[in-house]
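Single-structure report; data block below.
Protein chains: 2
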Amino acid sequence: MSGPVTSLSGYPEWLPRERIAEQLVVERIRRVFELHGFTPIETRAVEPIEQLSRGGEIDKEVYLLRRLRAGSDDDAGLGLHYDLTVPFARYVGENAGRLDFPFRRYQIQKVWRGERPQEGRFREFLQADVDVVDRDALAAQYEVEIPLVIGEALGALPIPQVRILVNNRLLAEACYRQLGATDPVVVLRIVDKLAKIGPDAVERALVEEARLEPTAARLCLRLGEIRGAGVDERLHQLGFRGAEVDRGLEELLRVVDGVNAVRPGLVEADLSIARGLDYYTGTVYETVLTGHEDLGSVSSGGRYDSLAGDGKSRYPGVGMSIGVSRLLVRLFGAVTASRAVPTCVLVAVPSEEQRARSAAVAERLRARGIPVEVAPRAEKYGKQIRYADRRGIPFVWFPGEPDTVKDIRSGEQIPADAAVWEPPEHDRWPSLVGRLDGRGESDDRGSTT
Amino acid sequence: MSGPVTSLSGYPEWLPRERIAEQLVVERIRRVFELHGFTPIETRAVEPIEQLSRGGEIDKEVYLLRRLRAGSDDDAGLGLHYDLTVPFARYVGENAGRLDFPFRRYQIQKVWRGERPQEGRFREFLQADVDVVDRDALAAQYEVEIPLVIGEALGALPIPQVRILVNNRLLAEACYRQLGATDPVVVLRIVDKLAKIGPDAVERALVEEARLEPTAARLCLRLGEIRGAGVDERLHQLGFRGAEVDRGLEELLRVVDGVNAVRPGLVEADLSIARGLDYYTGTVYETVLTGHEDLGSVSSGGRYDSLAGDGKSRYPGVGMSIGVSRLLVRLFGAVTASRAVPTCVLVAVPSEEQRARSAAVAERLRARGIPVEVAPRAEKYGKQIRYADRRGIPFVWFPGEPDTVKDIRSGEQIPADAAVWEPPEHDRWPSLVGRLDGRGESDDRGSTT
Chain E
925 MSGPVTSLSG
935 YPEWLPRERI
945 AEQLVVERIR
955 RVFELHGFTP
965 IETRAVEPIE
975 QLSRGGEIDK
985 EVYLLRRLRA
995 GSDDDAGLGL
1005 HYDLTVPFAR
1015 YVGENAGRLD
1025 FPFRRYQIQK
1035 VWRGERPQEG
1045 RFREFLQADV
1055 DVVDRDALAA
1065 QYEVEIPLVI
1075 GEALGALPIP
1085 QVRILVNNRL
1095 LAEACYRQLG
1105 ATDPVVVLRI
1115 VDKLAKIGPD
1125 AVERALVEEA
1135 RLEPTAARLC
1145 LRLGEIRGAG
1155 VDERLHQLGF
1165 RGAEVDRGLE
1175 ELLRVVDGVN
1185 AVRPGLVEAD
1195 LSIARGLDYY
1205 TGTVYETVLT
1215 GHEDLGSVSS
1225 GGRYDSLAGD
1235 GKSRYPGVGM
1245 SIGVSRLLVR
1255 LFGAVTASRA
1265 VPTCVLVAVP
1275 SEEQRARSAA
1285 VAERLRARGI
1295 PVEVAPRAEK
1305 YGKQIRYADR
1315 RGIPFVWFPG
1325 EPDTVKDIRS
1335 GEQIPADAAV
1345 WEPPEHDRWP
1355 SLVGRLDGRG
1365 ESDDRGSTT
Chain Y
925 MSGPVTSLSG
935 YPEWLPRERI
945 AEQLVVERIR
955 RVFELHGFTP
965 IETRAVEPIE
975 QLSRGGEIDK
985 EVYLLRRLRA
995 GSDDDAGLGL
1005 HYDLTVPFAR
1015 YVGENAGRLD
1025 FPFRRYQIQK
1035 VWRGERPQEG
1045 RFREFLQADV
1055 DVVDRDALAA
1065 QYEVEIPLVI
1075 GEALGALPIP
1085 QVRILVNNRL
1095 LAEACYRQLG
1105 ATDPVVVLRI
1115 VDKLAKIGPD
1125 AVERALVEEA
1135 RLEPTAARLC
1145 LRLGEIRGAG
1155 VDERLHQLGF
1165 RGAEVDRGLE
1175 ELLRVVDGVN
1185 AVRPGLVEAD
1195 LSIARGLDYY
1205 TGTVYETVLT
1215 GHEDLGSVSS
1225 GGRYDSLAGD
1235 GKSRYPGVGM
1245 SIGVSRLLVR
1255 LFGAVTASRA
1265 VPTCVLVAVP
1275 SEEQRARSAA
1285 VAERLRARGI
1295 PVEVAPRAEK
1305 YGKQIRYADR
1315 RGIPFVWFPG
1325 EPDTVKDIRS
1335 GEQIPADAAV
1345 WEPPEHDRWP
1355 SLVGRLDGRG
1365 ESDDRGSTT
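Which chain is which? The protein sequence lines are E and Y, in order. This note's numbering puts the first residue of the first sequence at 925, with every later residue one more than the last. This note's numbering puts the first residue of the second sequence at 925, with every later residue one more than the last.
Okay, structure coming up:
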């Protein structure tokens, strides 16, 4: 049993073993974020509806709250957050006077979206976000740092290599305007559906909804085919040029070249990347897992220059979000925790009269940081060993003269003293076992950058 | 600034330093739970409304969800959980065939209640629960183990000693029936409001709502005054007796004596403890922080014999829940984190041209598990040191010939090699500093048990 246990469509829950594995995955991500000096914050689950309608089309998916029995009405107009960027921007605006800038934060929380549930898409899911915001102006170096940190966090997990795809909205919008689009955001939203609805439907929508000429719509699709090296040349070949295009292109290449100078092949320019959320204003990122491209983006984000403000200042930011739940669903086919409980040692109970003695052994072991349970019943030792075995507890301790401890995997049993015995370090706590493979992963990525 | 920053009444948020302190508090609690072999689970935030109405009067406080724009209606009838016991019981019932019993789990999550906000009462707050459930029958030893684990978890925090107050619903209901109550649950709910509305209002409600005779209502209040040693004697003096009373009394004393045999003075019988939730069927617990009794219970729970089931079996359980948010609000007057960021070392940047060199130093330190940031701008060193100082970062690293590292607290600066230098272990990660005192805490607790 490795998939989620779901009695309510879109709301995954895990059995204990996978929940332990989830915690271990989150801890690895968190450790990388903290090693880079990102500080944790947590925001409330609810936001005023005005905040939640700042993401664009996503407001269709927002859940509002109402009280079961009407009473005071002061919760009216609150809804559950659908991402961690909007609440973070609100938090920065509210607390700007009490924060130090540039402010580097990470945030690992559940979010809620009323989407149609399918593989990798949930109504409640866990995100792990990392962002930098600064006051008034944000240095370009952070658009390079964020994908490096995300690459390192994902690299700490037992998964294939990732490739971060980068685009720039200034560039995309400059090109859309050259194609005659009056509202480039409408074009962006349509292009963002490419993977969902396919090129023919996108082309039709570009003509019918965005009012592009048929030739322009086709050029728009060709634009989205540009990826990898030689972006500038290929843009020029398609006839895109001018100051706005050049500025967007410069920003895009600065990110791609900056990241690849440190981690060659980690990022790649991809002009099909649009992102569905309205608040991005420059660089945008999506991330594919090599060999698991069908899963969709496992980490997305971008730069937002106008999301946070407090009336006096702007707080431009850049960040990316790891879709932890989406990753886990794929991961848990191949990876789990080494056991279903934290327990390293089960202390057997020879008879109910001697339970207090077993409890005292347990306490001595715990005092030295070893996770221990006492057997629930003074049954035959064979049954007590089976209790440990079913949960994957590696050691059973038998009080006696002297006490002995048995590794139930090897069967080896040795005399032991609860004041000094130590388990092997890798057995003390549960660990992640297994690795998701790349399904015929190829290493030719490097050649395209 | 140590209190929550709250732009929305009842929804506390923390500044980064307090958020780090919160994480450290949660980790200490979690570590104790795991040392005792409790396995983590996490349940979705929403439950069907039928589940949520099982707690009794609390259903007034339930938040229901609705979609901002009506679409598919398959989320109708879902609400946010108001505790972690009801979702846990539902999870056990659904997954009984895939779990091993007795099942020991902990769960640390947010819950939501539409209460009137006040100190220690929030609409969104963090709970840390620990429970044991078994199939068909639950051994009495767990009613002793749970308060011992909670006592140890709270004992791991920088707070005064706690006292866990214990009552038994069988005993209380047997007494209420002797007083002529037709529905003992109604009496329980009224008695539970004692601290909120005072004895006169409780007496009136017992007469008017629970239809007790005035003498019986007064006896009911006297019953609630019984606490500490000699419970049996004082019950008999008030005229309570019989098989049901004796059975409840036996259960109560078994818990009190069992816990105090291991941790003298940790628990105390207190017949005023009622608990507002309907699902408890035997032992109930509340916990007071010595010198901070005004805060209310910081950890509550009890035994529930009929909450979980899967049609074939019952799954009786016992558990307690630590009110983490409530504790933190009081704690943060006296306790915080040693710094506002995880960062231990800031690597200075001599000039923008040398940023890559500083980044390389940072990477070498991180590779050995030291949290590091690179200075945001190649400003004068004084400004770069102030960046570290404002955040509480203890060390600044200067690339040079040789590199040097400065402890900005002492001013000491020494030559250092990024491949081998280590910070003092207590400086590597942020830690909790300070301790909440007991405000004239006295040690006479032991004398009442």
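Note that CB positions come from ideal geometry on N, CA and C, so glycine has one too. From a predicted model like this one, the values you see are computed outputs, not experimental measurements.
For L1356 (chain Y), no chain E residue has a C-beta closer than 9 Å to its own C-beta; the minimum C-beta separation is roughly 14 Å.
By the Cβ test, the region 1256 to 1264 of chain Y is in contact with the region 933 to 949 of chain Y, since at least three Cβ pairs between them sit closer than 8 Å. When CB distances to chain Y are screened at a threshold of 7 Å, the residues of the region 1237 to 1271 of chain E falling below it are A1264, V1265, P1266 and T1267, in chain order.
Interface flag for R1045 (chain E) against chain Y is unset, since no Cβ pair is found closer than 9 Å. For D1024 (chain E), the C-beta contacts it makes with chain Y under 7 Å involve R1314 and R1315, in order along the chain. Identification of residues in the region 1003 to 1022 of chain E having a C-beta nearer than 7 Å to some C-beta of chain Y yields G1003, Y1015, E1018, N1019 and R1022, given in sequence order. At a cut-off of 9 Å, the C-beta of P1300 (chain E) has a neighbouring C-beta in chain Y. With 16 or more neighbouring CB atoms inside 10 Å of its own CB, T963 (chain Y) falls in the buried class.
Here H960 (chain E) is buried, its C-beta having at least 16 other C-beta atoms within 10 Å.
With respect to I1088 (chain Y), V1248 (chain Y) sits apart: the two C-beta atoms are not nearer than 9 Å. According to the DSSP assignment, G1003 (chain Y) belongs to the beta strand (DSSP E) that extends over L1002 to L1004.
Beta bridge pairing from DSSP links S1245 (chain Y) with Y:D1053 and Y:S1224. In this structure, the alpha-carbon of P1123 (chain Y) lies about 7 Å from that of L1145 (chain Y). Residue contact check for R990 (chain Y) against chain E: a CB pair falls below 9 Å. Here the C-alpha atom of V1057 (chain E) lies approximately 33 Å from the C-alpha atom of V1344 (chain Y). Comparing alpha carbon positions, the residue from E:G1044, E:V1016 and E:I1070 closest to D1053 (chain E) is E:I1070. In the three-state reduction of the DSSP assignment, I1088 (chain Y) falls in the strand class. In terms of beta-carbon proximity, R952 (chain E) stays away from the interface with chain Y, with every pair separated by 9 Å or more. Nearest neighbour of K1034 (chain Y) by Cα position, chosen from Y:Q975, Y:G1075, Y:S931 and Y:P936, turns out to be Y:P936. Residue-level contact check: T1207 (chain Y) does not touch chain E, since none of the beta carbons of chain E fall below 9 Å from its beta carbon. Under a 10 Å Cβ-count criterion, R1093 (chain Y) is classified as buried, with 16 or more other Cβ atoms of the shown protein chains found around its own Cβ.
For A1013 (chain E), the enclosing alpha helix (DSSP H) covers residues T1009 to N1019. Residues of the same chain with a CB within less than 6 Å of the CB of R1135 (chain E), apart from the 5 flanking positions on each side, do not exist. Here P1041 (chain E) has S933, G934 and R1047 as same chain residues with Cβ atoms under 8 Å from its own Cβ, once five neighbours each way along the sequence are excluded. Around the Cβ of D1351 (chain Y), a 10 Å sphere holds 16 or more other Cβ atoms; the residue is buried. E1132 (chain E) and V1111 (chain E) have their C-alpha atoms spaced approximately 11 Å apart. Between A1105 (chain Y) and V1169 (chain Y), the alpha-carbon positions lie close to 15 Å from each other. For D1156 (chain E), the secondary structure class from DSSP, reduced to helix, strand or coil, is helix. C-alpha of R1310 (chain Y) to C-alpha of A969 (chain E): approximately 34 Å in a straight line. For the alpha helix (DSSP H) assignment, the uninterrupted runs of no fewer than 4 residues enclosed by the region 1133 to 1179 of chain E are, from N- to C-terminal side, 1138 to 1148 and 1155 to 1161. For S1230 (chain Y), same chain residues with a beta-carbon under 8 Å away, outside a window of 5 residues either side, are Y1203, T1205, R1238 and P1240 in chain order. With contacts defined as CB atoms closer than 9 Å, V986 (chain E) and L992 (chain Y) qualify as a contacting pair. For a Cβ distance threshold of 9 Å, residue set E937, W938, L939, P940 and R943 of chain E lies close to I965 (chain Y), ordered along the chain.
Between A1342 (chain Y) and R1279 (chain Y), the gap from beta carbon to beta carbon reaches 9 Å or more. D1124 (chain E) sits in a helix when the DSSP states are folded into three classes. Look at the region 970 to 987 of chain Y: the residues with a C-beta under 9 Å from a C-beta of chain E are V970, E971, P972, I973, L976, S977, D983, K984, E985, V986 and Y987.
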